[in-house]
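Just so you know, the sequence shown maps onto residues 0 to 1095 in numbering that gives the first Met the number 0.
Note that the Cβ used here is the ideal one computed from N, Cα and C, for glycine as well.
Below is one structure, written out as structure tokens, with a few remarks after it.
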Amino acid sequence: MARAYTLIVELWDKDKDGPDDLIERTVHTGLILPGQDWHTISHTGITASTTFRLRVRCTEHYYNTTCTKLCRPRDDNFGHFTCDTQGDKICLHGWMGRECDIAICRQGCHAIHGSCNKPGECNCAYGWQGPLCDQCIPYPGCKYGSCNGSPWQCICHLNWGGILCDKDLNYCGRHHPCKNNGLCRNTNPDTYDCSCPVGFSGKNCEVAEHACYSQPCKNGGSCVDVVSGFVCNCPAGWTGETCDLDIDECISSPCMNGGTCIDKDNGYRCECPEGWQGPHCQLDADECHGSPCVNALACRNLKGGYVCDCQPGWTGKRCDENIDDCRGVVCSNQAMCIDLVGGFYCACLPGFTGRFCQEELDECASHPCQNGAICHDKVASYQCECPNGYTGLYCQTDADPCNPNPCKHESTCFNIQGDFYCHCNEGWEGKDCSVAKHQCDSNSCEVIDSCTVSIPSNISVGGFRLISSGVCGKHGVCISQPNGAFSCACVPGYMGTYCHQNIDDCSSNPCQNSGTCIDGVNSYQCICADGWEGALCNINKNDCEMTPCRNGGECIDMTAEFQCKCLSNWKGKTCSIRESHCEAMTCLNGGTCVDLGDTFSCRCTERWKGTFCQIPTKRPCESSPCENRGTCVNSGDSYTCICRDGFEGPTCSININNCNPFPCYNGGTCIDGENWYVCDCARGFSGPDCRININECASNPCTYGSTCIDGIASYRCICPPGRTGALCEAVIGQLPSPKSCEHGRRIFSDGTTWEHDCNACRCDNGVVKCTKIWCGPKNCLSHPNVTAPVFQCGPQETCIVQTHMTCLTPPCLPFGECRALGAMKELHNPGLEWTCIPNQAHLGSNCAKIILIFDKSKMPLGISVESICNSLRQLVKEETLYVMCAIKPQEQDTVEITLSAKLDGNDLNAKNTVNQALDRMADLLSHKQANSSALAAVIEIRLETAISQDDGQEPSYLVPVLCSVIAVLGVACVGILIIWHRRVQRRRRHLRDEYLASTQTAANNENQDNIRRYRNPIFSSSDKRGIPKAVPTEELHDIDMEKYDKNPRRFLAQDESSSPDLNDIQEYRPQPKKNNKKDINIQLSRSLLDEPEVIV
């Protein structure tokens, strides 16, 4: 909202002694918006000129033109963001969300099992581990097993068992304990049993009894029993402990002329190189036998080799390489050179001809333009310049498309060459302006009873509560209409379907005398030009109010100025001088005053005009700086833009995003407009904010009394007994007779199957269903011996000879493929993005490879790679499978086949399809069941697939359930033991306390008597120095010295003599009575605790 202000500036002369005098008073009224720019205001008064600058700035952290948008940068638990110049939040690195309070976890962190509180973290949930929390934690102690995607499991690896997978179930296969060809059998985990051959015994068959009985010697060797076992006497050509090692007769290199020696049983065989033969490769062979030359005039045999005399256009040792005749040939005008056999061909771009495409075709030679039009020849085209009154491609149409006017609703028609253009009035669109303009093109924007919305609620009766949809915004009240319609009753000052348009109260131009009208809500405000005031700027401001004329001069009020009519020869603008009409303040804003005798004239500078140079020649708003119909207000040497609702910024160039915060539910898309928004709802939802689930059952689609269940963008019919079908339209057991099918101008009855190209077709109740196997590239070269139809290439394609690349056992029939002019050297494939191509494939879950090595001597002539590929496609008739073949470079007897599946959004399905097809194809080829003479010559098969983790295995819950039950029982047992133990301890403590309490007094008395009996015979009660007296030995024996005397020398005295002497007695120094009593009590308590019968 714009801020109006009135600024009063007064200049005072402060006099220390006398009263203060007012020098000048300036009053300025205007509008200003918050911003960083200064607005300079200049005013020329009667006695002084003033210039001042002003600006309004928002308080820190507040933004937009009304200073109501708060954005305070923070980096704490409530948000992590900074603010841009518009006050929008910019999340710090690593944070996201509306309040920038959601941390962005480490890239790749598992969405379910990982989380983070700070950016870059990946905190694993219970039971998961790894840097990305995508590895489950196995059961503790699991030795040879894994959790396989489910925490706390122990799924054993192959041949391991037990709860912790620590039991070896294949001890025989892992350790091979049985010796001397003993048969090992796994009996129990970690145990085995050896079945020894005849002649051996022992746990591991290590004891030899009659070793030769089992005939251990191989290859005809004779066995001799010895003490340690047996010894084999081997025949010629064999050696080893059991005569199982063949002696290598090739050590002497018997093969000549580079022949390869192959060791055999008691002999050898030489494989001779090309050009040699004989047992030792010593004889020259006729290399021309078998016609090795492919495209040659003759074959000449040489010693150890041969030479082919090639036909024109061919080269290579066997004349099987087509000479590149395009080398050195330059086709003009960007034409493509295509190599042929013995020649070349320039594929010209449209518009050119000639052997080298050097001639440009003159499309105007046929005079295509009519009615005297001028033909202009262009590259591969022409253009007709029509005379007036004619139009069309050939100037054949004589018509003015704008006469009569085809544009509807009084729209303006513009005649363009050959057509018309309608400039539609507001609210209409289309070719002829006949279509009403809509803000949303999809049906989901249609409002359905938009005044209230029913949403789920846990606290309302019925589980739902009604809330206002807010379709009429903040400035309207929604009124429901029949059939789900609505209308908005707008508050004063607003209009439009959604009450989103502020009525322009300035449309009637109420401000007079060049005043600027500022639109408000059901109101307006006039910013008056200089010299005018009042609500409508209709009152001429009285510039004579300050009595500017002196010396009796009469003041005449003017517009934004005054004029003085001086008396008594006074002159000047304010009648203050006599010498001249010009004074310092006569001409304003730098103007020069010229005295004309009885009056004056002002020569103004370039930027000012008027009698006193008081009117600027150009104001800042004259350049219309405010966009989007904003109102410009002059403010000194600057301007202020008053924006309409929905726009902001210094020049009203920023469209306020009405979609923030996001108002649409259920996947709806918010379309931002000018001070409004519309939710484009997803399929199945409607309403102003897409919270209304469209009831697809409203049209009663289900028939015959069935029940319709509404879903999201769908419905389901529950049929009564006896009916079936999507709409319950069919009766069970009364299905109509099946229909026949038409395919290829032939009629097939229901259930009939037939072959079409490489696919199998079937008639299913009038519908033809064929497999969709890719049948490979089509042949575009004709030949008398070719019976298949020749494929015609497209206009931007050419036929490329591929016989030399696809022929496996020449000679082969001609074969060519259609290639695009820009990609003639690329291998034909099912799609532009296909990467599973022979000799170029990267193995993956959707790409596998088979390599077949053929014995070409067993193959018939004329076999091509494509014929082999067609036979392989017939082995695995999968609709989504692509089989491609090619000869491996440098290996003419090897064919590489790639298998890939058409992706349908599920990589696992594609992987399973490829693996199943790969296994079936390998099984049929290895067992010679391909029903093809060419495939019967396969001598070796190699399979190549990518190794990936099988994530399709269903998890097993048996082990976790058993472990959980055992753990619960264990915890319960431990709890019971703890409770029982505490009860026993409590009972023992209670019995001990009772016993000690009952015996404490008696024990203390007895102890005191004992001490008295012990001390009295030795010490006199009157002897203060503690000198011992002589005591008979019998009295000492009556005292239990072991219980009270702690002197270790006592035992030594007892050992030496049965009666102690006086020195022994003198060495004993008893402690004070209080301490002795305490020691005795402790000793008694300990003795009581050591007595089991006291506490039991």
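- Please say whether Asn-838 and Pro-888 have beta carbons closer to each other than 8 Å? For this step, residue 888 is matched to residue 889 along the sequence shown. For this step, residue 838 is matched to residue 839 along the sequence shown. A contact, by the Cβ cut-off of 8 Å.
- Message: Using a 10 Å radius around the Cβ and a threshold of 16 neighbouring Cβ atoms, would you call Ile-7 buried or exposed?
- Response: Walking along the sequence shown from the start, residue 7 turns up at place 8. Taking a 10 Å sphere around the C-beta of Ile-7, we find fewer than 16 other C-beta atoms and assign the residue as exposed.
- Are Lys-142 and Cys-108 touching if we call contact CB-CB under 8 Å? Here the question's residue 142 lines up with position 143 in the sequence shown. Here the question's residue 108 lines up with position 109 in the sequence shown. For Lys-142 and Cys-108, no; Cβs fall outside 8 Å.
- Task: Verify whether the separation of the beta carbon atoms of Asn-588 and Thr-610 is less than 8 Å.
- Result: Taking the first residue of the sequence shown as position 1, residue 588 is located at position 589. Taking the first residue of the sequence shown as position 1, residue 610 is located at position 611. No; because the gap between Cβ atoms is not below 8 Å, this pair is not in contact.
- Query: Is the region 539 to 553 touching the region 647 to 657 in the sense that three or more CB pairs, one from each, lie closer than 8 Å?
  - Reply: Inter-segment contact for the region 647 to 657 and the region 539 to 553 is absent: fewer than three beta-carbon pairs are separated by less than 8 Å.
- Query: Looking at the structure shown, is Val-912 part of a helix, part of a strand, or coil, going by DSSP?
  - Reply: Taking the first residue of the sequence shown as position 1, residue 912 is located at position 913. In the sequence on display, residue 912 carries Thr and not Val. It is helical.
- Message: Am I right that Thr-802 and Leu-820 are in contact with their C-beta atoms under 8 Å? What's the rounded C-beta distance?
- Response: For the purposes of this step, residue 802 is taken as the residue at position 803 of the sequence shown. For the purposes of this step, residue 820 is taken as the residue at position 821 of the sequence shown. About 21 Å separates the two Cβ atoms, so there is no contact after all.
- Look at the Cβ atom of Ala-528, then the Cβ atom of Cys-536, and state whether they are nearer than 8 Å. In the sequence shown, the residue the question calls residue 528 occupies position 529. In the sequence shown, the residue the question calls residue 536 occupies position 537. Pairing Ala-528 with Cys-536 gives a Cβ-Cβ distance under 8 Å.
- Task: Have a look at the DSSP bridge pairing and note the partners of Cys-498.
- Result: By one-based count along the sequence shown, residue 498 stands at place 499. Paired residues: none, contrary to the question.
- Taking the C-alpha atoms as reference points, what is the distance between Thr-390 and Lys-430? As a working mapping, residue 390 is identified with position 391 in the sequence shown. As a working mapping, residue 430 is identified with position 431 in the sequence shown. When the Cα atoms are used, Thr-390 and Lys-430 turn out to be separated by approximately 19 Å.
- Over the uninterrupted alpha helix (DSSP H) stretch that includes Val-864, give me the two end residues. One-based indexing of the sequence shown puts residue 864 at position 865. Segment 864 to 874, the alpha helix (DSSP H) holding Val-864.
- Message: Below 8 Å, how does it come out for the region 234 to 249 and the region 262 to 277: are there three or more Cβ pairs, yes or no?
- Response: Segments in contact, yes.
- Task: Report yes if the C-beta distance between Gln-899 and Cys-817 is below 8 Å; otherwise report no.
- Result: The sequence position of residue 899 within the sequence shown is 900, counting from 1. The sequence position of residue 817 within the sequence shown is 818, counting from 1. The residue you asked about is not Gln; residue 899 is Ser in the sequence shown. Here Ser-899 is not near Cys-817, since their CB atoms are 8 Å or more apart.
- Task: Taking only the alpha-carbon atoms, compute the straight-line gap between Lys-857 and Asn-758 and give it to the nearest angstrom.
- Result: What you label residue 857 is simply residue 858 of the sequence shown in a count that begins at 1. What you label residue 758 is simply residue 759 of the sequence shown in a count that begins at 1. So the two alpha carbons sit approximately 29 Å from each other.
- Message: Applying the 10 Å Cβ sphere with the 16-neighbour rule, what's the burial state of Cys-183?
- Response: Within the sequence shown, numbered from 1, the residue matching residue 183 stands at position 184. Buried: at least 16 other Cβ atoms inside 10 Å.
- Message: Assuming Cys-760 and Cys-769 are in contact, meaning their beta carbons sit under 8 Å apart, how far apart are those beta carbons, in whole angstroms?
- Response: Residue 760 sits at position 761 when you count from the first residue of the sequence shown. Residue 769 sits at position 770 when you count from the first residue of the sequence shown. Confirmed, Cβ separation roughly 4 Å.
- Message: Using a 10 Å radius around the Cβ and a threshold of 16 neighbouring Cβ atoms, would you call Gln-152 buried or exposed?
- Response: Position 153 of the sequence shown, counted from the first residue, corresponds to residue 152. Gln-152 comes out buried.
- Apply the 10 Å Cβ neighbour rule to Lys-302 and answer buried if 16 or more other Cβ atoms are within range, or exposed otherwise. Walking along the sequence shown from the start, residue 302 turns up at place 303. With fewer than 16 other Cβ atoms within 10 Å, it is exposed.
- Taking DSSP as the reference, what is the three-state secondary structure of Pro-615? Position 616 of the sequence shown, counted from the start, is the residue given in the question as residue 615. Shown here, Pro-615 sits in a strand according to DSSP, grouped into three states.
- Item | Pro-1027 - DSSP class collapsed to helix/strand/coil | Within the sequence shown, numbered from 1, the residue matching residue 1027 stands at position 1028. Here Pro-1027 scores only 40 on pLDDT, less than 50, and its place in the model should not be relied on; the value that follows carries that caveat. It is coil, neither helix nor strand.
- Task: Tell me whether Val-967 counts as near the ligand SAH, meaning its Cβ is closer than 7 Å to at least one heavy atom of that ligand.
- Result: Absent from the structure shown: the ligand SAH. Ligands present: none.
- Query: Which whole-angstrom value is the C-beta distance of Glu-939 and Ile-852, which I expect to be below 8 Å?
  - Reply: Within the sequence shown, residue 939 is the residue found at index 940, counting from 1. Within the sequence shown, residue 852 is the residue found at index 853, counting from 1. With 8 Å as the limit, Glu-939 and Ile-852 qualify as a contact, their Cβ atoms being about 4 Å apart.
- Task: Identify every run of the alpha helix (DSSP H) within the region 768 to 809, keeping only runs that are complete inside it and at least 4 residues long; order them along the chain.
- Result: The region 768 to 809 contains these whole alpha helix (DSSP H) runs: 802 to 805.
- Assign Asn-926 to one of two classes, buried (16 or more other C-beta atoms within 10 Å of its C-beta) or exposed (fewer than that). The residue you call residue 926 lines up with position 927 of the sequence shown. The sequence as given places His at residue 926; Asn does not occur at that position. By the neighbour-count rule (16 or more Cβ atoms within 10 Å), His-926 is not buried but exposed.
- Just curious, the alpha helix (DSSP H) that Tyr-170 is in, first and last residue? Counting from 1 along the sequence shown, the entry for residue 170 is found at position 171. Segment 170 to 174, the alpha helix (DSSP H) holding Tyr-170.
- Item | Proximal residues to Pro-291 (C-beta, below 8 Å), its chain only, five neighbours per side dropped | To locate residue 291, count along the sequence shown from 1; it is residue 292. The answer, listed in chain order, is Cys-298, Tyr-305, Cys-307 and Arg-317.
- Are the CB atoms of Gly-683 and Ile-693 nearer to each other than 8 Å? Numbered from 1 along the sequence shown, position 684 holds the residue referred to as residue 683. Numbered from 1 along the sequence shown, position 694 holds the residue referred to as residue 693. For Gly-683 and Ile-693, yes; Cβs fall inside 8 Å.
- For the putative contact between Glu-673 and Gly-645, defined by C-beta atoms under 8 Å, what is the C-beta separation to the nearest angstrom? If you number the sequence shown from 1, residue 673 lands on position 674. If you number the sequence shown from 1, residue 645 lands on position 646. Rounded to the nearest angstrom, the Cβ distance from Glu-673 to Gly-645 is 5 Å, consistent with a contact under 8 Å.
- Task: Could you check if His-782 is buried or exposed, using at least 16 other CB atoms within 10 Å of its CB as the buried criterion?
- Result: If you number the sequence shown from 1, residue 782 lands on position 783. So His-782 counts as exposed.
- Under three-state DSSP, which class holds Glu-240? Walking along the sequence shown from the start, residue 240 turns up at place 241. It is coil, neither helix nor strand.
- Would Pro-810 pass as a contact of Val-329 if the rule is Cβ separation under 8 Å? Walking along the sequence shown from the start, residue 810 turns up at place 811. Walking along the sequence shown from the start, residue 329 turns up at place 330. No, they are not a contact pair.
- Message: Buried or exposed, going by whether 16 or more other CB atoms sit within 10 Å of the CB of Ser-479?
- Response: As a first step, residue 479 is located in the sequence shown; it is residue number 480 there, counting from the start. Result: exposed.
- Which partner residues does Met-557 have in the DSSP bridge list? Indexing the sequence shown from 1 puts residue 557 at position 558. Paired residue(s): Glu-560.
- Query: Do you know whose CA, among Ala-583, Lys-572 and Arg-606, lies nearest Asp-597's CA?
  - Reply: Here residue 597 refers to the residue found at position 598 of the sequence shown. It is Lys-572 whose Cα lies nearest to the Cα of Asp-597.
- Counterpart residues of Ala-819 in DSSP-defined beta bridges: Taking the sequence shown and counting its residues from 1, the one referred to as residue 819 is at position 820. Bridge partners of Ala-819: Glu-796.
- DSSP puts Tyr-393 in a beta bridge; with which residues? Position 394 of the sequence shown, counted from the start, is the residue given in the question as residue 393. In DSSP, Tyr-393 forms no bridge with anything.
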